[in-house]
Amino acid sequence: MLGIVGIAVFFSVGLVVSVRLLGLSWQSRRLPELLAGLGLLGIGPLGFCVIMAGIMLFGGTALGYACRATGMGFQALGFVATAVFTWQVFRPGSRWARGLAIALSVSLLGTFVACALVPNRAGVMLFHHHLDAWLKIACLAWGALESLRYWRVTQNRLALGLADPVVSASFLAWGISLGAGALGFALVWVALLALAPGEQLGASVQLALSACGIAAAAGLYFAFLPPKVYARRLANRATARTVVVG
Amino acid sequence: MTDSAIFEFVAGELERATSLGRPAARAAVRSVLERARYDPESVSAGQMQALIERLLPSQIRASGVEDADRVCQQLAAALAMKGLSGEAPESPDEIFGRMIRR
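Sequence lines, in order, name chains A and B.
If you're matching positions, the first sequence starts at 871 in the working numbering and goes up one per residue.
If you're matching positions, the second sequence starts at 12 in the working numbering and goes up one per residue.
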């Protein structure tokens, strides 16, 4: 129950933000909005909900297996969209970033197929389950690092009066959101390693997961739906801190 | 990578409009780009316009150019008239700026 609170908050905010981004992509016909919307929807609300429905409603049946595989497929596509978003937004001209995005995408789709064909039985994780977890963590961590790095760049420009304070803050918020997601996945991986077959996640792990979910949701909210009061405060603070040049 | 047409145009115009030689004019433009952490290869016209208005006057004034404000105003107008679009892809600021609810 503890873990569900944070995850539920993340799903709710993720659903609102992803639907809004997909709506924007429909209007603008632009790739970044589509990738961010699909990434959020696939990783969060759609992927997890279908997986959880399979486990909770149809556990142990063929339908349960189908739900789990489908949810994992949505999640894999969400992670692929997130990797491509990071490349396209933060390093569009970079060969290594293109290579990393392609490598992550191909590997994620590969581990998805492997996990669907050879599922985790009796709580025993096989090589492809570990690889799948680390690819997902890498995907989120890369996005977080790029966004936080770019936030630093915009902070420098902000001091020179060359950047928008709300947009600059959204890089920080997006970085925190992805970072919290990476931390959450890493936490689950470590916790699963320590579990005996059939054992449930402990209360402390659930609480930490809940905190990650809330941090990710708060990041998403401030990145894409900043309240007007918050935006005004950022603008006022930026005006006060702008260096007078010349 | 080679410097963009925008960088070449602004450095060339600055050299023509002032007593700065070619290396000094290019160094002045490169310096303001570095200060704002833009690449000479991919800076957009809009970003360069902002730099000319905000940072370049003090930069060339420090190099001994008199009437730096007027020179920069003319430079900005010339860049706007030239209509260079640059090779820059959309910046992260532009992308996130579109995605944020205002």
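Positions of the beta carbon are idealized from the N, C-alpha and C atoms, including for glycine.
According to the Cβ coordinates, are B:V43 and B:L31 closer than 9 Å? Translated into positions along the second sequence, residue 43 of chain B becomes position 32. Translated into positions along the second sequence, residue 31 of chain B becomes position 20. No. Outside cutoff.
Cross-chain neighbours of A:N1026 in chain B, by beta carbon under 9 Å: By 1-based counting over the first sequence, the position of residue 1026 of chain A is 156. Residues of chain B passing the Cβ test: R46, A47 and R48.
Quick check: B:F107 and B:V54, are their CB atoms within less than 9 Å of each other? Translated into positions along the second sequence, residue 107 of chain B becomes position 96. Translated into positions along the second sequence, residue 54 of chain B becomes position 43. Cβ distance not < 9 Å, so B:F107 and B:V54 don't count as in contact.
So which residues on chain B does A:G963 lean against when the C-beta distance must stay under 8 Å? As a first step, residue 963 of chain A must be located in the first sequence, where it is residue number 93. Result: S53 and P100.
With a Cβ-Cβ cutoff of 9 Å, do A:G1051 and A:E1016 count as a contact? As a first step, residue 1051 of chain A is located in the first sequence; it is residue number 181 there, counting from the start. As a first step, residue 1016 of chain A is located in the first sequence; it is residue number 146 there, counting from the start. Contact flag unset, no.
Quick test of the definition: if touching needs 3 or more C-beta pairs under 8 Å, does the stretch 993 to 1008 of chain A touch the stretch 1017 to 1029 of chain A? no
Alpha-carbon spacing of A:R961 relative to A:A967, whole angstroms: Counted from its first residue, the first sequence places residue 961 of chain A at position 91. Counted from its first residue, the first sequence places residue 967 of chain A at position 97. Between A:R961 and A:A967, the C-alpha separation is close to 6 Å.
Can you find a CB in chain B that lies within less than 9 Å of the CB of A:V1036? Mapped onto the first sequence, residue 1036 of chain A falls at position 166. Cβ-Cβ to chain B under 9 Å: yes for A:V1036.
Which residue marks the beginning of the alpha helix (DSSP H) containing A:T981, and which one marks its end? In the first sequence, counting from the first residue as 1, residue 981 of chain A sits at position 111. R965 to L987 is the span of the alpha helix (DSSP H), which, as asked, contains A:T981.
Span of the alpha helix (DSSP H) around A:L908: Walking along the first sequence from the start, residue 908 of chain A turns up at place 38. Looking at the DSSP string, the run of the alpha helix (DSSP H) that includes A:L908 is L901 to L911.
Do A:L1042 and A:T1112 have their beta-carbon atoms positioned less than 9 Å apart in this structure? Counting from one through the first sequence, the residue named residue 1112 of chain A turns up at place 242. Counting from one through the first sequence, the residue named residue 1042 of chain A turns up at place 172. No, these two residues do not count as a Cβ contact at 9 Å.
Between the beta-carbon of A:P1096 and the beta-carbon of B:R112, is there less than 9 Å? As a position in the first sequence, residue 1096 of chain A is number 226, starting the count at 1. As a position in the second sequence, residue 112 of chain B is number 101, starting the count at 1. It is a contact, given that the beta carbons lie within the stated cut-off.
Taking the alpha-carbon positions, what's the A:S1074 to A:V875 distance? Within the first sequence, residue 1074 of chain A is the residue found at index 204, counting from 1. Within the first sequence, residue 875 of chain A is the residue found at index 5, counting from 1. One C-alpha to the other measures close to 14 Å.
Any 3 or more C-beta pairs closer than 8 Å across the stretch 907 to 916 of chain A and the stretch 948 to 959 of chain A: yes
By the DSSP assignment, the alpha helix (DSSP H) with B:P34 in it spans what residues? Within the second sequence, residue 34 of chain B is the residue found at index 23, counting from 1. First-last of the alpha helix (DSSP H) with B:P34: R33 to R46.
Of the residues A:Y1091, A:W1059 and A:D1034, the one placed nearest A:Q1076, counting alpha carbons only: Your numbering for residue 1076 of chain A matches position 206 in the first sequence. Looking at the Cα atoms, A:W1059 is the closest of the given residues.
Starting from A:Y1091, find everything on chain B with Cβ-Cβ shorter than 9 Å and list it in chain order. Residue mapping note: residue 1091 of chain A aligns to position 221 of the first sequence, counting from 1. Those within 9 Å of A:Y1091 in chain B number zero; the least Cβ separation is about 10 Å.
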